[in-house]
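**Student:** Structure in structure tokens, see below.
Protein chains: 2
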Amino acid sequence: MAEPEAKRVKTEYELIYWPGIPGRGEVVRLLFEEAGVGYIDTAKADKAAPTVLSYMAAKNLGDDKNPAVFAPPVLKHGDLVINQLPNILLYVAPKLGLAPASGDAVYHLNAIALTILDGFLVEVHETHHPIATDKYYEDQKDEAKLRAKAFREERLPKYLTYAQRLLDGEKSGEGGWLYGGELTYVDLVLFQCLDGTQFAFPRTVEKLRKGGKFDGVFKLYDAVKERPNIKAYLESDRRIEYADGIWRHYPELEEDEE
Amino acid sequence: MAEPEAKRVKTEYELIYWPGIPGRGEVVRLLFEEAGVGYIDTAKADKAAPTVLSYMAAKNLGDDKNPAVFAPPVLKHGDLVINQLPNILLYVAPKLGLAPASGDAVYHLNAIALTILDGFLVEVHETHHPIATDKYYEDQKDEAKLRAKAFREERLPKYLTYAQRLLDGEKSGEGGWLYGGELTYVDLVLFQCLDGTQFAFPRTVEKLRKGGKFDGVFKLYDAVKERPNIKAYLESDRRIEYADGIWRHYPELEEDEE
Numbered sequence: 001m002a003e004p005e006a007k008r009v010k011t012e013y014e015l016i017y018w019p020g021i022p023g024r025g026e027v028v029r030l031l032f033e034e035a036g037v038g039y040i041d042t043a044k045a046d047k048a049a050p051t052v053l054s055y056m057a058a059k060n061l062g063d064d065k066n067p068a069v070f071a072p073p074v075l076k077h078g079d080l081v082i083n084q085l086p087n088i089l090l091y092v093a094p095k096l097g098l099a100p101a102s103g104d105a106v107y108h109l110n111a112i113a114l115t116i117l118d119g120f121l122v123e124v125h126e127t128h129h130p131i132a133t134d135k136y137y138e139d140q141k142d143e144a145k146l147r148a149k150a151f152r153e154e155r156l157p158k159y160l161t162y163a164q165r166l167l168d169g170e171k172s173g174e175g176g177w178l179y180g181g182e183l184t185y186v187d188l189v190l191f192q193c194l195d196g197t198q199f200a201f202p203r204t205v206e207k208l209r210k211g212g213k214f215d216g217v218f219k220l221y222d223a224v225k226e227r228p229n230i231k232a233y234l235e236s237d238r239r240i241e242y243a244d245g246i247w248r249h250y251p252e253l254e255e256d257e258e
Numbered sequence: 001m002a003e004p005e006a007k008r009v010k011t012e013y014e015l016i017y018w019p020g021i022p023g024r025g026e027v028v029r030l031l032f033e034e035a036g037v038g039y040i041d042t043a044k045a046d047k048a049a050p051t052v053l054s055y056m057a058a059k060n061l062g063d064d065k066n067p068a069v070f071a072p073p074v075l076k077h078g079d080l081v082i083n084q085l086p087n088i089l090l091y092v093a094p095k096l097g098l099a100p101a102s103g104d105a106v107y108h109l110n111a112i113a114l115t116i117l118d119g120f121l122v123e124v125h126e127t128h129h130p131i132a133t134d135k136y137y138e139d140q141k142d143e144a145k146l147r148a149k150a151f152r153e154e155r156l157p158k159y160l161t162y163a164q165r166l167l168d169g170e171k172s173g174e175g176g177w178l179y180g181g182e183l184t185y186v187d188l189v190l191f192q193c194l195d196g197t198q199f200a201f202p203r204t205v206e207k208l209r210k211g212g213k214f215d216g217v218f219k220l221y222d223a224v225k226e227r228p229n230i231k232a233y234l235e236s237d238r239r240i241e242y243a244d245g246i247w248r249h250y251p252e253l254e255e256d257e258e
């Protein structure tokens, strides 16, 4: 039984993202899935790629209510059209009960989200594309090896140390969440970003897990994975498998076996 | 005549940033300067670097009201301590009259700020550090040449095209500003980021200016530069000269003279 079109348009979230990869869109999906809120996912509809490209087109100058967007993910909600992943999270999280709508927590959580995305998403993409986003990995493989080494040895531990610092500083709850003693969207951000990083660098992440310095971080990862809605989602065919997106697995970028 | 300490602490903004480079802190400074609002700038005080490092220290777990921060810039305002440049801008801009405090514009402006910072700040830093942030430029010079070429030829025009698209889509004013027909903080972000990019790649930016495809962008740049408070600031000794920060000039990373 379909809802009346006018109502549906006003109330439903629409995620516009590339098909075939989890990518940045996956972080947005996890918020909807945890909250149990329905959403339209153009990545799984007809003309998925053309839909994305229509938003990015030079001649697309936005509309009366919205400026042009630069790149996906794009979120449509009623008349509003916004892009930039951390910005979409900032907008939807309070509406989904995954963040307070006002006060200092808004800025604390936004800072944490931005930092996790810098470390476990943007910098992971750089490991396989250190020279040019627009060129093939194969054309920058030598440089990728160097960048990946620096990521595995310096950057990844640095960001994990920060996440663990947040957990060590959390006095407000026993839940093991990053902020305020209860689950918020930044826990979902960390889960997805660490999951992707683990896909890309399984040996490195396994070693860091066993090292014992980041127990709180991996406990949080495991706890998110077991949340009923997330668990059901991960087991469903809505969850897209990793492929040639942000989080890629190239064995030659991994550390050597011991 | 000094204000009573208690009042001063509650009302004054304190920017914590590295000394000796404009860097990310400079974007925050421009907002205060345009608004004519006083602020404490630890970059210009004694122990500037140790102050930054004390926030980043592994043992610094934040305080009762704030989680740990990852990296500067850090903003203190009363009891609040936050980091991440786009997050600081999001927080201060409405308080300084440089953005609406609520509504769709918050998310439109945040997306624009994030995109400009990605293109003209983060990606410029990558041009001289494509392999490892923690290593010297001299140790990644060959890769830097490749990355800088891709930036000059692909990425910079792409982001300029987006900024021009925003201006072309702006129907609400003749002011030539990016959003809503009047100056907002994203215009200041674009000014600073383009100014830094011009310092790093003067020949490339001059050529793009003369090319005529981005007239609106350069008009905006010139207009910000002439605003009375900004002009006075740029001529003052509070403006820090470019050095070995995000926006660096290495002649070998520039395009060849024609």
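From first to last, the protein sequence lines stand for chains A and B.
In terms of the UniProt record's numbering, the first sequence has 144 at position 144, counting the first letter as 1, and numbering is strictly consecutive.
In terms of the UniProt record's numbering, the second sequence has 9 at position 9, counting the first letter as 1, and numbering is strictly consecutive.
The beta carbon of each residue, even a glycine, is placed where N, CA and C say it ideally should be.
(1) Would you kindly work out how many angstroms separate the C-alpha atoms of residue 30 of chain B and residue 188 of chain B, rounded to a whole number?
(2) Along the chain, where does the alpha helix (DSSP H) containing residue 219 of chain A start, and where does it finish?
(3) Comparing the C-beta of residue 255 of chain A with each C-beta of chain B, is any distance below 8 Å?
(4) Counting only runs that start and end within the stretch 52–106 of chain A, where is the alpha helix (DSSP H) found for 4 or more residues in a row?
(5) Can you have a look at residue 162 of chain B and say buried or exposed, based on whether 16 or more other CB atoms are within 10 angstroms of its CB?
(6) Considering residue 40 of chain B, what are the terminal residues of the alpha helix (DSSP H) in which it resides?
(7) With the cut-off set at 8 Å, would you say residue 176 of chain B and residue 167 of chain B are in Cβ contact?
(8) Going by the CB atoms, is the gap between residue 109 of chain A and residue 39 of chain A shorter than 8 Å?
(9) Does the count of Cβ pairs from the stretch 58–65 of chain A and the stretch 52–68 of chain B closer than 8 Å reach three?
(10) Give me, in chain order, the residues of the same chain whose beta-carbon lies closer than 7 Å to that of residue 266 of chain A; leave out the 5 immediate sequence neighbours on both sides.
(11) Nearest chain B C-beta to residue 108 of chain A closer than 8 Å, yes or no?
(12) Could you pull the DSSP bridge partners for residue 13 of chain A from this structure?
(13) With a floor of 4 residues, list each alpha helix (DSSP H) that falls wholly inside the UniProt domain "GST C-terminal" (110–253) of chain B, ordered by position along the chain.
(14) Against residue 62 of chain B, what residues of chain A qualify as contacts under a CB-to-CB distance less than 7 Å, listed in chain order?
(15) Quick one: what does DSSP say residue 26 of chain A is sitting in, helix, strand or coil?
(16) If you draw a straight line from the alpha carbon of residue 146 of chain B to that of residue 145 of chain A, how long is it in whole angstroms?
(17) In whole angstroms, give me the CA-to-CA distance for residue 17 of chain B and residue 76 of chain B.
(18) Decide yes or no for the touch test of the stretch 194–209 of chain A against the stretch 239–253 of chain A: beta carbon pairs closer than 8 Å, at least 3 of them.
(19) Are the Cβ atoms of residue 41 of chain B and residue 15 of chain B separated by less than 8 Å?
(20) Decide if residue 136 of chain A is buried, meaning its Cβ has at least 16 other Cβ atoms within 10 Å, or exposed.
(21) To the nearest angstrom, how far is it from the Cα of residue 73 of chain B to the Cα of residue 56 of chain B?
(22) Straight-line CA distance for residue 248 of chain B to residue 195 of chain B?
(23) Alpha carbons only, please: which of A:190, A:48, A:28 is nearest the one belonging to residue 156 of chain A?
(24) To the nearest angstrom, how far is the alpha carbon of residue 152 of chain A from that of residue 255 of chain A?
(25) Counting only C-beta atoms, is residue 19 of chain B closer than 8 Å to chain A at any point?
(26) Within the 8 Å Cβ cut-off, does residue 154 of chain A reach chain B?
(27) Tell me whether residue 53 of chain A is buried or exposed, calling it buried when 16 or more other Cβ atoms sit within 10 Å of its Cβ.
(28) Please compile the residues from chain B whose C-beta is within a distance smaller than 8 Å of the C-beta of residue 24 of chain A.
(29) Can you tell me which of B:207, B:138, B:149, B:139 puts its alpha carbon nearest to the alpha carbon of residue 124 of chain B?
(30) Residue 112 of chain A and residue 67 of chain B: beta carbons closer than 8 Å?
(31) Is residue 26 of chain B buried or exposed, if buried means 16 or more other CB atoms sit within 10 Å of its CB?
(32) If you compare alpha carbons, which of A:133, A:128, A:213, A:228 is closest to residue 119 of chain B?
(33) Quick one: is residue 241 of chain B near chain A, going by C-beta distance under 8 Å?
(34) Classify residue 24 of chain A: buried if its beta carbon has 16 or more other beta carbons within 10 angstroms, exposed otherwise.
**Tutor:** Taking the geometry as given:
(1) 7 Å
(2) 215–225
(3) no
(4) 85–95
(5) buried
(6) Counting along the chain, residue 40 of chain B falls outside any alpha helix (DSSP H), though it belongs to the beta strand (DSSP E) covering 39–41.
(7) yes
(8) no
(9) no
(10) This structure cannot speak to residue 266 of chain A, because chain A is shown only from 1 to 258.
(11) yes
(12) A:39, A:77
(13) 123–128, 141–150, 156–169, 185–200, 202–211, 215–225, 228–235
(14) 169
(15) helix
(16) 15 Å
(17) 11 Å
(18) yes
(19) yes
(20) exposed
(21) 11 Å
(22) 11 Å
(23) A:190
(24) 8 Å
(25) no
(26) yes
(27) exposed
(28) Those do not exist, as residue 24 of chain A stays about 12 Å from chain B at its closest Cβ, beyond 8 Å.
(29) B:149
(30) yes
(31) buried
(32) A:133
(33) no
(34) buried
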